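Trainee:
In our numbering, the protein residues as written are 680 to 1494.
(1) Mind checking residue 1243: buried by the 16 CB within 10 Å criterion, or exposed?
(2) Using 8 angstroms as the threshold, is the region 1155-1174 in touch with the region 899-912, meaning 3 or more CB pairs across them?
(3) Output yes or no for whether 8 angstroms exceeds the beta carbon distance between residue 1228 and residue 1190.
(4) For residue 815 and residue 776, what's the separation of their Cα atoms in angstroms?
(5) Is it buried or exposed for residue 1060, if we count other Cβ within 10 angstroms and need 16 for buried?
(6) At the level of alpha carbons, what is the spacing between residue 821 and residue 968?
(7) Would you mind giving the Cβ-Cβ distance between residue 945 and residue 1304, rounded to the nearest angstrom? I have them listed as a contact below 8 angstroms.
(8) If you follow the alpha helix (DSSP H) that residue 1291 is part of, which residue opens it and which one closes it?
(9) Let me know the beta strand (DSSP E) ranges lying completely inside the region 712-798, each 3 residues or longer, listed in chain order.
(10) So for residue 1044, helix, strand or coil by DSSP?
(11) Considering Cα atoms alone, identify which of 1283, 1264, 1291 is closest to residue 923.
(12) Out of curiosity, what's the CA-to-CA distance linking residue 1275 and residue 1309?
(13) Tell me the residue span of the alpha helix (DSSP H) that contains residue 1301.
(14) Is residue 1256 helix, strand or coil by DSSP?
(15) With a Cβ-Cβ cutoff of 8 angstroms, do residue 975 and residue 790 count as a contact?
(16) Any Cβ of chain D within less than 8 angstroms of the Cβ of residue 799?
(17) Could you say which of 1006, 865, 1095 lies nearest to residue 744 if we only look at CA atoms?
(18) If contacts are defined as beta-carbon pairs under 8 angstroms, then residue 741 and residue 1067 qualify, I think. What distance do you get, rounded to the angstrom?
(19) Could you compute how far the alpha carbon of residue 1018 sits from the alpha carbon of residue 1025?
(20) Out of 1073, 1034, 831, point me to the one whose CA is closest to residue 1054's CA.
(21) As a quick exercise: from 1173, 1222, 1278, 1174, pick the residue whose alpha carbon is nearest that of residue 1193.
(22) Taking only the alpha-carbon atoms, compute the straight-line gap between residue 978 and residue 1072 and give it to the nearest angstrom.
(23) Are residue 1273 and residue 895 close, meaning C-beta to C-beta below 8 angstroms?
(24) When the Cα atoms are used, what is the spatial distance from residue 926 to residue 941?
(25) Just mark residue 1333 as buried or exposed, buried being the case when its beta carbon has 16 or more other beta carbons within 10 Å.
(26) Please confirm whether residue 638 and residue 855 have their CB atoms less than 8 angstroms apart.
(27) For residue 1129, which residues in the same chain have their Cβ closer than 7 angstroms to its Cβ, ignoring the five residues on either side in sequence?
(28) Counting beta carbon pairs with one atom in the region 955-962 and one in the region 1293-1303, are three or more of them shorter than 8 angstroms?
(29) Go through its chain and collect everything with a Cβ distance to residue 765's Cβ below 6 angstroms, but skip five positions before and after it.
(30) Using 8 angstroms for Cβ pairs, my map puts residue 865 next to residue 1232. What's the rounded Cβ distance?
(31) Pair every Cβ in the region 726-734 with every Cβ in the region 983-999, then say whether three or more of these pairs are closer than 8 angstroms.
(32) Should residue 848 be labelled buried (16 or more other beta-carbon atoms within 10 Å of its own) or exposed?
(33) So, at 7 angstroms on beta carbons, what are the nonlocal neighbours of residue 908 in its own chain, with the 5 sequence-adjacent residues on each side left out?
(34) Classify residue 1307: buried if its beta carbon has 16 or more other beta carbons within 10 angstroms, exposed otherwise.
(35) Hey, how far is the Cα of residue 897 from the Cα of residue 1182?
Rendered as structure tokens:
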């Protein structure tokens, strides 16, 4: 292009020089000859032809230059399009790079947040584990405290059983006193037969009888008070039994609550394990995504380097195109200058035409052909010049229109690129904002869930601790109350025994005095250890002493009859099925304890499997299934018991074994041992342990109730009055007090059933514990015989005393 433009400029300079020479030569130099003119015309014609040829060459050159210019403009437009496309690609790559950098930053931020969340979850899990260990320690302490409270309750049970035994002793004494009353009634009939003979003497001592009647009424009131106190003691004993049943139910509820909390604790551990597995899976997925993003980042880096190289090439190409554009601009400037020269040439041509016309007018005749030819050439040149000017103007307009279109398109493309860039930035910002909002919401939700779980767990632990503390305080208060009640009952029983002993001694002394005064043959009085018979010298019967003894015996008989009526009334009110109900309750308690032992073993297996280094899921699952089956069995048994159709009839089995003979027990013993060995080997049914416990229990059929001997009571008149409670009892064989084998022995735990339940303690004879915690009256010496008090002798009364009225308060007045 530069060479063509330089060649066209040189051609224009030569054309300019030729035109100047022509103009100088055409200047009129004066009149010449025709030859000179012909030569000049020929020279002019030659120069005109030469000029026409040059113009033709210049026109061809201009056409070539225009074509080349169009080609250059097309090439420049194409290069411009390529440049714009490259710019758009570069901008897209820059946008992609920024988006990629932003995504990488987002992924790094997500990674940091995930790491922070994982650290927080690890911290939360450690805190939860610490809290679980603390809760486990507290639970163990609570279990130890429950065991301690059970031991205390067992001690209280032993005390209550001792109180019951003391009550049974008092009942035996009451029966002995009733027998003595019967003997006294017989003696009274004999005394009445004798009194018929001595009615005259009884009229003399009627005033003394009034006094003895008042004293008897006083003793009757005291006996009534003792009966009322004994009834109250029985009621309090029943109340203590009810409180014991409530305590057992509360302990069962505590065990049930502990089992429920342990199930919740196991479910919480499973949730924590599931959360840990989900966190591990999420970490693995995040690591895979990070690796994929790193590989993608490497690929994008390689693409970016390739695009950078292409950009460098495009920049070099743009520089070259810019240089071409500058050359094109110079060419347009040169074209404008050539157009100016063409205009000047036009003016010069017009002048030359005018001169030619003048020359033609001058040489019209000689140069007609030349003039016509010049005119033709001039018109051709004019038309060609006009056409060239038109073409140049058209080309200029087209170029300007194309430039305006290109500029408009370039502005439009830039505007679209700016709008697309703005839209992409807005979309990226919206996506980033939505992503951050979702991440914040998820993080807040996760934190709220963790806080909720932590608060729930803390609230449950606090509630469990408060419930355990409240139950402990309640049990301690009830135990202290029961202890105080038992002590009060023991004190009252001792007081009643002292009063009864005093009354018995007074009655015995009165009866002995009356007998010694009225009988000719001395009566043998039974002692505590043995019965001995001594002969007293016959004494004179005092009517006053006889009357006094008769009145005392009558009052005692009335009191005993009233006491018998009260006891019959209390027995009619008592529940006849109380013993069977208590035995059923005891058997149910033992069965529930067996179930609790099996559950304890399953829980120990679960805890051991969870605390081990290698977590055995199958072992934990098996233990959980066993525990669930145990709970379902208990629920089914409870439903059957509530519906009245329990599948286990333990009280009937126990009753049949207790009623069996020793030979049957010897036959069942090996079978029960074999059954226990098979149960220990299988451990499949929790209900079998209670059945083996029943089979292995000692046979209670040999225990016999105490009975009194009637050998001396039928022979003597007052023999049964002073008979001690244990003098006529049959010796019972000792009972084997071995602990009943249960499933608790294998677990190592201590339960109250190992020391003997209340149901088994009822089967044991009352004579085995007669000397426990009960104060009995001191025994008398076996060598000494009972002596009549001095005031009951004949020498202690005035023989010639007259009957008179005495005040009841003046007689037997204590100091």
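Note that the Cβ used here is the ideal one computed from N, Cα and C, for glycine as well. Quantities reported herein were computed from a predicted structural model and do not represent experimental measurements.
Mentor: In this structure, then:
(1) exposed
(2) yes
(3) Yes, Cβ-Cβ distance for residue 1228 and residue 1190 is below 8 angstroms.
(4) 56 angstroms
(5) buried
(6) 50 angstroms
(7) No, residue 945 and residue 1304 are not in contact; Cβ-Cβ is about 13 angstroms, not under 8 angstroms.
(8) Run containing residue 1291: none; DSSP gives neither H nor E here.
(9) none
(10) coil
(11) 1264
(12) 9 angstroms
(13) 1296-1322
(14) coil
(15) For the 8 angstroms CB-CB criterion, residue 975 and residue 790 do not form a contact.
(16) Among the chains in the structure shown there is no chain D, since it carries only a single protein chain.
(17) It is 1006 whose Cα lies nearest to the Cα of residue 744.
(18) 7 angstroms
(19) The straight-line gap from Cα to Cα measures roughly 10 angstroms.
(20) 1034
(21) 1222
(22) 54 angstroms
(23) no
(24) 22 angstroms
(25) Here the model assigns residue 1333 a pLDDT of 42, short of 50, so the residue's position is not dependable and the matter cannot be decided.
(26) A question about residue 638 goes unanswered here, because the residues of the chain that appear run from 680 up to 1494.
(27) In its chain, beyond the 5 residues on either side, 803 have a beta carbon closer than 7 angstroms to the beta carbon of residue 1129.
(28) no
(29) 993
(30) Contact doesn't hold; Cβ gap of about 10 angstroms is too wide.
(31) no
(32) Burial call: buried.
(33) 1171, 1175
(34) Around the beta carbon of residue 1307, a 10 Å sphere encloses fewer than 16 other beta carbons of the protein chains shown; the residue is thus reported as exposed.
(35) Whole-angstrom Cα-Cα distance: 12 angstroms.
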